[in-house]
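Worksheet: one structure, shown below.
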């Protein structure tokens with residue numbers, strides 16, 4: 001296990017700067033009033049390829065030696081890492097193979113192919129995904145860029161909160177979604193060096209609460225195939241992201257499916273931005289835990305905007321009895 | 323008829339500054355490639371009350387004497403002017419009455435009431451709207467702020483393109499939707515003083531093409547109740563806006579219902595912003611007329627973002643055989 005350092009973050013930022021957007025921070029007086037907090041939304045939905053994951057993917061791709069780059073890159077991903085890696089590989093002009101569940105949103109499959117990535121489909125479970133992927137790597141010899149359990153990827157994601165700290169003064173806390181933990185780990189990496197007083201909250205669905213259970217148990221707990229509208233947050237922690245969660249995260253908060261969809265619709269309606277269900281989980285947890293956040297200055301990471309406009313969750317998602 | 327001057331624009335900008343957002347200009351490398359032009363989207367969907375109309379409404383409300391302000395303001399509107407006037411009146415703490423078709427989107431009715439405006443419903447035709455309104459004014463004695471045929475309103479809307487010129491250098495043309503013509507008139511007012519070389523294109527639906535027909539005929543042609551997904555663009559020109567259209571507009575371009583919905587979805591998908599059908603008409607006309615815009619630097623006014631998320635047009639709008 002190679003734990004990235006803040007020097008890696010600085011190097012990553014320099015390396016990826018030509019390939020990423022410096023995304024804006026938006027505010028909403030309505031949502032501030034509703035939550036009683038001051039919310040600063042870091043809008044990675046406006047990022048290249050539509051998600052923060054292009055930061056880590058670009059750092060991995062552009063850090064490869066010429067010899068390694070020639071053999072291409074490969075990964076498995078529930079979506080945004082897949083298209084981010086395809087984007088970065090396309091910019092460098094090298095091949096990219098992606099193992100993806102056949103249930104992934106059509107919009108994400110189209111986008112991967114649009115960037116020139118090649119898709120191999122698998123079943124929608126972590127076990128099937130990893131087995132299929134092992135075959136692909138054996139066949140192609142491509143460099144594996146894990147969606148989150150990769151030192152290069154975490155250093156890349158860390159550039160997001162480094163930017164946020166330059167854009168907003170006096171933050172008390174940052175809230176980011178947690179799936180595999182790449183964004184949260186990057187947030188921990190930057191904040192623990194630059195502003196160790198800022199609290200770090202991870203937000204996840206009740207129905208995929210493996211990180212919350214891991215956090216309380218003190219060791220990694222993994223679910224094989226959780227069901228949630230927040231399709232980017234289904235994957236489990238791994239040893240590298242667990243290192244950051246265990247050592248730097250203040251708390252892991254959760255929200256119900258209805259709360260997530262409600263928060264998503266609220267952001268679309270009031271802030272006029274398109275973002276995906278996973279990105280609504282932080283606001284959903286802030287609304288569920290008003291006492292934790294009231295009166296504070298909170299950075300909220302909007303992780304991505306790649307949503308299938310023909311299947312929006314307030315029309316289509318099957319609500320479950322709570 | 324009092325035609326506003328550029329001095330009125332400067333005064334309006336000073337007056338309304340505390341109540342409006344300085345909205346951002348966004349670009350999209352994807353849409354630039356698709357159109358062969360350089361598009362600069364002035365994002366009034368991020369404006370207070372969700373639309374550019376808050377500029378004109380605020381200028382009217384905050385320009386009233388104390389005595390006039392006490393009696394309140396009143397208007398008729400297909401939506402965004404209604405909630406913008408309610409917003410501005412609320413900020414000044416004076417009453418606001420709005421005559422609105424009962425078919426107006428629920429989201430807009432809720433927003434008007436949310437800002438403290440009082441709604442009186444009418445039939446969805448210009449004739450019914452104007453008759454109902456006359457009664458309201460007779461009863462309340464409120465100051466009538468017309469949605470567009472008002473010198474104060476046009477001077478307010480003109481602040482939008484004044485900002486755009488400061489944000490983007492070297493524009494060749496600006497494209498804005500045209501309904502009653504308030505935004506286009508404001509655009510003409512600012513550009514004819516500040517940058518008379520910039521061409522001004524008005525964009526409207528094929529199915530509500532009264533401005534295009536007026537432009538070709540040389541006099542105002544008004545339809546009573548056109549049917550289009552671009553619900554903000556159904557109203558006819560009046561003498562003040564006709565003055566600007568006739569004297570300063572380069573051309574009026576139109577787009578079909580399908581082209582408008584397609585352009586709207588394209589902007590949502592690629593730019594990750596929520597905007598309403600009326601705001602998609604400029605891009606739809608640019609895509610229909612590539613030769614007019616290819617290679618040029620084009621300002622595109624995204625006029626508003628108040629859309630009913632439960633009734634998005636790519637799911638719900640009845641497509642007509644073309």
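Protein chains in written order, with the numbering used here: chain A, 1 to 322; chain B, 323 to 644. Cβ coordinates follow ideal geometry from the N, Cα and C atoms, glycine included. Small disclaimer: the values here were computed from a predicted structure and weren't measured.
| Check | Outcome |
| --- | --- |
| Given residue 531 of chain B, which residues of its chain have a CB within under 6 Å of its CB, disregarding the five upstream and five downstream residues? | 576 |
| If residue 405 of chain B and residue 269 of chain A are in contact, beta carbons under 8 Å, what's the gap, nearest whole angstrom? | No, residue 405 of chain B and residue 269 of chain A are not in contact; Cβ-Cβ is about 13 Å, not under 8 Å. |
| Using 10 angstroms around the beta-carbon of residue 259 of chain A, count the other beta-carbons present and answer buried if the total reaches 16, otherwise exposed. | buried |
| Bridge partners of residue 205 of chain A, per DSSP? | A/255 |
| Give me the DSSP bridge partner(s) of residue 619 of chain B. | B/360 |
| Tell me, please, whether the CB atom of residue 356 of chain B is closer than 7 Å to any CB atom in chain A? | no |
| Using a beta-carbon distance cut-off of less than 8 Å, what residues from the region 300-318 of chain A approach chain B? | 305, 309, 310, 312, 314 and 315 |
| Which term fits residue 321 of chain A, buried or exposed, when burial requires 16 or more other beta carbons within 10 angstroms of its beta carbon? | Summary for residue 321 of chain A: the model assigns pLDDT 41, below 50, so the residue's position carries little reliability, and this model does not support an answer. |
| Please name the residue in A/294, A/312, A/204 and A/199 whose C-alpha comes closest to that of residue 279 of chain A. | A/204 |
| Could you check what DSSP says for residue 426 of chain B in three-state terms: helix, strand or coil? | coil |
| Can you pull the chain A neighbours of residue 372 of chain B, defined as C-beta to C-beta under 8 Å? | 272 |
| Spell out the partners DSSP gives residue 276 of chain A in its beta bridges. | Beta-bridge pairing links residue 276 of chain A to no other residue. |
| Quick one, which of A/155, A/7, A/102 and A/149 has its alpha-carbon nearest residue 55 of chain A's? | A/155 |
| Compute the Euclidean distance between the alpha carbons of residue 18 of chain A and residue 135 of chain A, then round it to the nearest angstrom. | 33 Å |
| Just to make sure I have the definition right: I need the residues of chain A whose C-beta is within less than 8 Å of the C-beta of residue 367 of chain B. Which are they? | 272 |
| Rounding to the nearest angstrom, what Cα-Cα distance links residue 186 of chain A and residue 161 of chain A in this structure? | 8 Å |
| Give the residues of chain A in contact with residue 591 of chain B, contact being defined as C-beta atoms less than 7 Å apart. | 309 |
| Using 8 Å as the cut-off, can you tell me whether the region 91-100 of chain A makes contact with the region 65-80 of chain A, which would need three or more C-beta pairs spanning the two stretches below that distance? | yes |
| Give, in chain order, every unbroken run of the beta strand (DSSP E) that is at least 3 residues long and sits entirely within the region 324-397 of chain B. | 360-365 |
| Would you say residue 642 of chain B lies against chain A (beta-carbon separation less than 7 Å)? | Note that residue 642 of chain B scores a pLDDT of 44, beneath 50, so its modelled location is shaky; the value from the coordinates is reported in the next line. It does not: the Cβ of residue 642 of chain B has no partner Cβ on chain A nearer than 7 Å. |
| Measure the alpha-carbon distance for residue 263 of chain A versus residue 284 of chain A and round it to whole angstroms. | 5 Å |
| Rounded to the nearest angstrom, how far is the Cβ of residue 511 of chain B from that of residue 328 of chain B, given a contact under 8 Å? | 7 Å |
| Could you run through the region 574-591 of chain B and flag, in chain order, every residue whose CB is less than 8 Å away from some CB of chain A? | 587, 590 and 591 |
| Assuming residue 176 of chain A and residue 298 of chain A are in contact, meaning their beta carbons sit under 8 Å apart, how far apart are those beta carbons, in whole angstroms? | Not a contact, Cβ separation roughly 11 Å. |
| Over the uninterrupted alpha helix (DSSP H) stretch that includes residue 184 of chain A, give me the two end residues. | 182-194 |
| Whose C-beta lies closer than 8 Å to the C-beta of residue 61 of chain A among residues of the same chain, with five residues either side of it excluded? | 69, 73, 85, 88, 89, 91, 92, 94 and 145 |
| Taking one C-beta from the region 17-37 of chain A and one from the region 291-307 of chain A each time, how about it: are there three or more such pairs within less than 8 Å? | yes |
| Leaving out the 5 sequence neighbours to the left and right, which residues in its chain are closer than 6 Å to residue 500 of chain B when beta-carbon positions are compared? | 506, 524, 526 and 533 |
| What's the C-alpha gap between residue 370 of chain B and residue 583 of chain B? | 24 Å |
| Go ahead and pull the three-state DSSP assignment for residue 230 of chain A. | coil |
| Under DSSP, the beta strand (DSSP E) around residue 497 of chain B begins and ends at which residues? | 495-499 |
| Spatial neighbours of residue 2 of chain A within its chain, please: CB distance less than 7 Å, with the 5 preceding and 5 following residues excluded, ordered by chain position. | 151 |
| Among B/347, B/541 and B/493, whose alpha-carbon lies nearest the alpha-carbon of residue 567 of chain B? | B/541 |
| Specify the secondary structure class of residue 123 of chain A as computed by DSSP and reduced to three states. | coil |
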